[in-house]
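What follows is one structure encoded as C-alpha cells, with my remarks underneath.
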Amino acid sequence: MFAPPGLAAIAISRYQYIPIFPLVGLTNLRCVLITREDSAIRTLQDLQGKTVALGQLGSATGYYLPLYNLYGLTLAEVLSAPTPKTVMEWVAEGKAIAGAVSMAEFNLYNSQFQDNKLRIFYTDPHYVPPGVVLIQSTIESKRQEYIRKVMSEFPSASAQEVGYIPNARIPNYQYMISVVERVQPIAAQLQNQPVQLFNKTI
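Residues 16 to 217 (the numbering used here) are what the sequence shown spells out, left to right.
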C-alpha cells in the first residue's frame with residue numbers, strides 16, 4: 016500500500032502496518048497557518064472563536080498538524096476544503112479567518128492572490144516525513160522479506176517512476192504518530208458549532 020504521511024501514521028500506529036520504503040515526493044514539507052495580510056490575527060490564540068479552513072481528512076499539513084497546533088481552542092467553525100488552493104481562496108474571500116496548507120503549496124499559489132494578499136502567521140517547527148510503502152504485519156515474515164527483496168531489486172529509475180525509493184532510509188514516524196493519536200479523539204467534534212478542540216472529560 017502506498018500511503019501519504021497522515022494515513023501512514025494511522026496505519027502504522029493503529030493497524031500495525033510496516034513501512035518498507037519511502038515514497039517519491041516533496042521532502043521537508045512544513046505546515047503553515049495563513050491569514051489575510053490585513054487581518055489582525057498574529058498568534059494561534061487569536062483564532063479563539065473564529066472560523067478556520069482545513070484540508071482533507073488524512074492530510075498531514077492540511078488536517079492533522081493544524082488540529083494538533085490548535086488543540087485547546089474553541090473555534091466558531093471548521094470548514095473542510097477539497098484542495099489547498101480552496102483553503103487559500105476561502106481565506107482570501109473572508110469565508111475563513113485562517114487556513115492550513117503546506118509551505119510549498121502557499122509558495123506555489125500565493126502569487127495568484129494579489130487583490131487580497133495572504134501571509135503566514137504560524138509555521139509548525141516539525142518537518143513532515145515523506146509517505147511510505149506499507150505492508151500488513153499479518154503477512155508471514157518470509158513473504159514480507161520476499162516482497163521487500165523484489166521491490167528493493169527493482170531498478171532505481173523504474174521504482175521512482177512507480178513512486179518509491181528502493182535504497183533510501185525509512186522515515187521516522189514517531190512524531191507524526193503522536194500527532195495523529197492526539198487529534199483522532201477530537202475529529203468527531205469538527206462538525207459541531209462551536210468546535211471544541213479538546214477532549215471532554217466527564
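Cβ coordinates follow ideal geometry from the N, Cα and C atoms, glycine included.
Quantities reported herein were computed from a predicted structural model and do not represent experimental measurements.
Cβ-Cβ distance between residue i and residue j below 8 Å
i           : j           : result
residue 59  : residue 84  : yes
residue 8   : residue 33  : The requested residue 8 is not part of the displayed model; the chain covers only 16 to 217.
residue 135 : residue 49  : yes
residue 93  : residue 67  : yes
residue 120 : residue 97  : no
residue 167 : residue 181 : yes
residue 303 : residue 65  : Past the edges of the chain, shown from 16 to 217, lies residue 303, and the structure says nothing about it.
residue 205 : residue 86  : no
residue 145 : residue 76  : no
residue 138 : residue 47  : yes
residue 194 : residue 89  : no
residue 70  : residue 115 : yes
Beta-bridge pairing of residue i - partner residues as DSSP gives them
i           : result
residue 159 : Its beta-bridge partners do not exist; DSSP assigns none.
residue 117 : 46
residue 181 : Bridge partners of residue 181: none, in fact.
residue 51  : 133
residue 37  : 147
Buried versus exposed, by CB contacts within 10 Å (16 or more), residue i
i           : result
residue 217 : Here the model assigns residue 217 a pLDDT of 42, short of 50, so the residue's position is not dependable and the matter cannot be decided.
residue 72  : exposed
residue 154 : exposed
residue 109 : exposed
residue 16  : exposed
residue 303 : An answer regarding residue 303 cannot be provided, because it is not within the stretch 16 to 217 covered by the chain.
residue 161 : exposed
residue 107 : buried
residue 79  : buried
| Using 8 Å as the Cβ pair cut-off and three pairs as the minimum, do the stretch 121 to 129 and the stretch 92 to 110 touch? | Yes: the two stretches touch, three or more of their Cβ pairs being nearer than 8 Å.
| Residue ranges of each beta strand (DSSP E) within the stretch 117 to 157, 3 or longer | You should have 133 to 138, 147 to 150.
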